[in-house]
Amino acid sequence: LFALLGDLDKLQEAGCFPDTKLSIRDFILQSLPMKPTDSLFNYYGYLADHSGLNLKPGMHLKVEHAYFRPAEAGEEEHTAKLFLGISTAYFNLQLTSDGRIRFRQNGTAKYAPPSLVHGVHDEISDLAISSIPQERYFRFLFKTYLVPQKHTRSTAIVGATKSSQLDELDKELRAHPDEDCKNTAANYGAVCFGFEGFVTLTPQVKVELNGKTKFIDSGTRIKDLLSPSQADVLKSLKIQRQFLNSYYDLQFDPADPNVLSLALVARDRVTWSNSARALH
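If you read the sequence shown in the working numbering, its first letter stands for residue 1, the second for the next number, and so on.
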């Protein structure tokens, strides 16, 4: 499938689909019938065996960095005893006038405890994310295959002019996890921004829940938004998803609870009866 998508990318770049506003790759992926648990593949190309998720304009990116004091002789590293605190920063993914994506920090980083800010200035390299070169496509690579034990890099963001470049780079890094991400990316005409230490990246998407706009973590399912008392939610549940700039109702059997495992994507609209209360 990814080889086919790469070929379609090249055809579109050659002008074979001049009237397609959506990229032909996204058009194909979003048209594929998928199980509720696999909807992230349709919109963000996420598959468990690829361990990467495409980043889109309009997303937020939450960056959490945990800090530990150095271990002394005889101490185990990175234990709860050595934990100093955590910093949290948010970034917006913005679309430029020439169709590229840029990262812009949203507000200032928060520290817990607040005193942490005075001791970690030299370690907050992840905040340099705003300096990532602008590209048309970006992908977030998870830790699962990217980090050999001897490396300190915890995760990375890669960017390129073409989606097919990211597919090739993704494949290369999975096959050779010991390779330097930045140098490997350069071989494919791409860029790589690696995060050192204990860093967690969480892409967030904007959805509408009972008429209220909210950013939620990527991968959030409908059932994650509901309280335990949801016996009647299926009777009132309505889900709308955008396709080609129009909204369509998602059809499902109101007697089948599997729909509650649907992972929401950007611009989804979900409504349900107030009797099934949402979690805050």
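Note that beta-carbon positions come from the ideal geometry of N, C-alpha and C, so glycine has one too.
The structure presented is a predicted model; accordingly, all values stated were derived computationally and were not measured.
Residue i versus residue j: straight-line alpha-carbon distance, rounded
| i | j | result |
| --- | --- | --- |
| N183 | D256 | 49 Å |
| K316 | A71 | Here the chain covers residues 1 to 280 and nothing more, so residue 316 does not appear. |
| T213 | A112 | 27 Å |
| Y67 | L169 | 30 Å |
| V233 | W272 | 6 Å |
| A160 | A73 | 44 Å |
| Q134 | D253 | 43 Å |
| T79 | T96 | 42 Å |
| S236 | A266 | 22 Å |
| P114 | S131 | 25 Å |
| G189 | D167 | 12 Å |
| T144 | N92 | For T144, the predicted structure reports a pLDDT of 44, less than 50, and the residue's modelled location is therefore unreliable. A value from the coordinates is still provided. Using only the alpha carbons, I get a separation of about 25 Å. |
| Q242 | H65 | 34 Å |
| N258 | D268 | 18 Å |
| I101 | I129 | 12 Å |
| L146 | S164 | For L146, the predicted structure reports a pLDDT of 41, less than 50, and the residue's modelled location is therefore unreliable. The matter cannot be settled from this model. |
| F215 | Q204 | 6 Å |
| G194 | F138 | 13 Å |
| A263 | L32 | 15 Å |
| K162 | S227 | 42 Å |
Reference residue i, options the options, closest by Cα
| i | options | result |
| --- | --- | --- |
| Q105 | F138, H60, A112 | H60 |
| G85 | G211, V199, Y43 | V199 |
| T88 | K110, E75, E76, I28 | K110 |
| L5 | F91, G45, S39 | G45 |
| C192 | L32, Q30, V158, A3 | V158 |
| R25 | H176, S39, K10, L250 | K10 |
| L53 | R69, A156, Q12 | A156 |
| G219 | I28, L8, L40, Q12 | L40 |
Identity of the residues DSSP links to residue i by a beta bridge
| i | result |
| --- | --- |
| V199 | H65 |
| D217 | Q204 |
| F88 | The question names Phe, but residue 88 in the sequence shown is Thr. Bridge partners of T88: E64, K110. |
| K223 | For K223, which the question treats as bridged, DSSP gives no partner whatsoever. |
| A160 | Y137 |
| G194 | A156 |
| T271 | K238 |
| Y248 | R241 |
| Q165 | Q165 pairs with nothing; no bridge assigned. |
| N54 | R139 |
Cβ-based neighbour list, residue i, same chain, cut-off 7 Å, excluding 5 preceding and 5 following
| i | result |
| --- | --- |
| K223 | L260, S261 |
CB contact below 9 Å: residue i versus chain C
| i | result |
| --- | --- |
| S236 | Among the chains of the structure shown, chain C does not appear; only one protein chain is present. |
Proximal residues to residue i (C-beta, below 8 Å), its chain only, five neighbours per side dropped
| i | result |
| --- | --- |
| A14 | none |
| F142 | S51, G52, L53, T155 |
Nonlocal neighbours in the same chain, by C-beta distance under 6 Å from residue i, ignoring five residues either side
| i | result |
| --- | --- |
| I124 | Note that I124 scores 49 on pLDDT, short of 50, meaning its location in the model is unreliable; the coordinates nonetheless yield the value given after this. Hits under 6 Å: none found. |
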